[in-house]
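Here the structure comes first, spelled out in structure tokens, and everything after it is commentary.
Numbering (the working numbering), first residue to last: 1 to 147.
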């Protein structure tokens, strides 16, 4: 087995974990607020996916691969998680995933409920929210595959 194989496994796990968390949270949103999910559409789903990918890939980096987080706000969230009694059992990345998921869902709800905004504006905001998470998430996964 090549030295890169374990990291490819972490990359695959990151994608799979992202798909599971995204699908479960989107279905929950559809059950709780179907109008919001319908109005946000696939672009809202993309926004959640992108943010969750960043969260899950960060979790893998800090908890499984012992990499350091470079973004100060992200480090602060991970630092809070490190102080919790759950840290020895669950690590620190789980809180970051929850924060990213919560913020993504909050943006989806807020944008879907904008009164007077046209659909292009809604889609643009949700697309930007998704890309802000997707790009660093993909960067993390690429790093794990090539380290």
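Backbone N, C-alpha and C define an ideal beta-carbon position, used for all residues, glycine too.
Whole-angstrom distance between residue j and residue i, CA atom to CA atom
| i | j | result |
| --- | --- | --- |
| residue 60 | residue 142 | 12 Å |
| residue 1 | residue 7 | With a pLDDT of 46 at residue 1, under the threshold of 50, the modelled position of this residue cannot be trusted, and the question is left open. |
| residue 68 | residue 140 | 11 Å |
| residue 145 | residue 137 | 13 Å |
| residue 43 | residue 65 | 31 Å |
| residue 108 | residue 89 | 32 Å |
| residue 27 | residue 91 | 27 Å |
| residue 113 | residue 147 | 43 Å |
| residue 37 | residue 30 | 5 Å |
| residue 34 | residue 121 | 20 Å |
Cut-off 6 Å between Cβ atoms - residues of its own chain near residue i, not counting five sequence neighbours on either side
| i | result |
| --- | --- |
| residue 14 | 56, 57, 60 and 141 |
| residue 17 | 56 |
Reduced DSSP category for residue i - H, G, I as helix; E, B as strand; rest coil
| i | result |
| --- | --- |
| residue 70 | coil |
| residue 147 | coil |
| residue 33 | coil |
| residue 114 | coil |
| residue 1 | Legend: pLDDT at residue 1 = 46, less than 50; position of this residue unreliable, no value from coordinates given. |
| residue 86 | coil |
| residue 53 | helix |
| residue 91 | coil |
| residue 65 | coil |
Residue-chain proximity (residue i, chain D), Cβ-Cβ < 8 Å
| i | result |
| --- | --- |
| residue 34 | In summary, chain D is missing from the structure at hand, where a single protein chain is found. |
Sequence-distant residues of the same chain with beta carbon closer than 8 Å to residue i, five excluded per side
| i | result |
| --- | --- |
| residue 103 | 51 |
| residue 74 | 58 and 96 |
Close Cβ partners of residue i (< 7 Å) along its chain, the five nearest in sequence each way excluded
| i | result |
| --- | --- |
| residue 63 | 91, 92 and 93 |
| residue 10 | 60, 64, 65 and 144 |
Distance cut-off 7 Å: residue i Cβ against heavy atoms of the ligand GDP
| i | result |
| --- | --- |
| residue 30 | This structure lacks the ligand GDP; in fact it carries no ligand of any kind. |
Specify whether the stretch 42-54 and the stretch 126-139 touch according to this definition: at least 3 beta carbon pairs, one from each stretch, less than 8 Å apart.
yes
Counting Cβ pairs, one atom from each stretch, are 3 or more of them under 8 Å apart for the stretch 72-82 and the stretch 19-35?
no
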